[in-house]
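In terms of our numbering, the numbers along the sequence shown are unbroken and rise by one, the last being 182.
All C-beta atoms, glycine included, are put in the ideal place defined by N, C-alpha and C.
Data first, discussion second: the structure below is written as structure tokens.
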Amino acid sequence: MDWYLVFTKPRDESRALKNLLEGGVPCYLPLLKRSTVRRNVLLSVVEPLFPRYLFVQADLENDYYKIKYTRGVCGFVDFGEGPVRVDDEIIEEIRRREKDGFIEMVYKKRRFRKNEKIAIKRGLLKDLEVVFDGYLSGDERVSLLLNSVSANIKLNVPRHFL
21 MDWYLVFTKP
31 RDESRALKNL
41 LEGGVPCYLP
51 LLKRSTVRRN
61 VLLSVVEPLF
71 PRYLFVQADL
81 ENDYYKIKYT
91 RGVCGFVDFG
101 EGPVRVDDEI
111 IEEIRRREKD
121 GFIEMVYKKR
131 RFRKNEKIAI
141 KRGLLKDLEV
151 VFDGYLSGDE
161 RVSLLLNSVS
171 ANIKLNVPRH
181 FL
């Protein structure tokens, strides 16, 4: 049996996976675990590595219509010459990169130096050029200096804004 790429309905990868597995079709949905900021809080989010796609291992002569008409599935990825076959090595390489069932994107904290010029990347002050002044409360908050026309203003912001 070969691996094929299936296109799913929007945000329906898990439903398609569940229904295909219940139908006896071996499937693989690689998941990504990444950090994101919502409402000024750093969160860990799990989502498909390839949104709207999953891999199925099938004998197309017997399983084509069962897969194509499974709830959550739109159809096979097809470039005009039938469903696209995916090499086993690609599936194995993706699986090798997994740790505890996820491919993890790690939030790396960059170390800033005092008086280093940086730009704020999030929040109300996004894109504002500031000068790094120091770390506050265990490296999760930072002190910044904003040079304005009339005075230097000291700002304290969450570190993940940078």
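{"Item": "Classify residue 49: buried if its beta carbon has 16 or more other beta carbons within 10 angstroms, exposed otherwise.", "Value": "buried"}
{"Item": "Going by CA-CA distance only, name the one from 175, 33, 53 that's closest to residue 124.", "Value": "53"}
{"Item": "Provide the residue span of the beta strand (DSSP E) that contains residue 22, from first to last.", "Value": "22 to 28"}
{"Item": "Relative to the alpha-carbon of residue 108, which residue among 76, 136, 133, 100 has its alpha-carbon at the smallest distance?", "Value": "76"}
{"Item": "Can you tell me whether residue 52 is helix, strand or coil according to DSSP?", "Value": "strand"}
{"Item": "Cα separation between residue 162 and residue 156?", "Value": "5 Å"}
{"Item": "State the beta-bridge partners of residue 154 as determined by DSSP.", "Value": "163"}
{"Item": "Which residues in the same chain as residue 66 place their Cβ atom closer than 6 Å to its Cβ, once the five residues preceding and following it in sequence are excluded?", "Value": "51, 53"}
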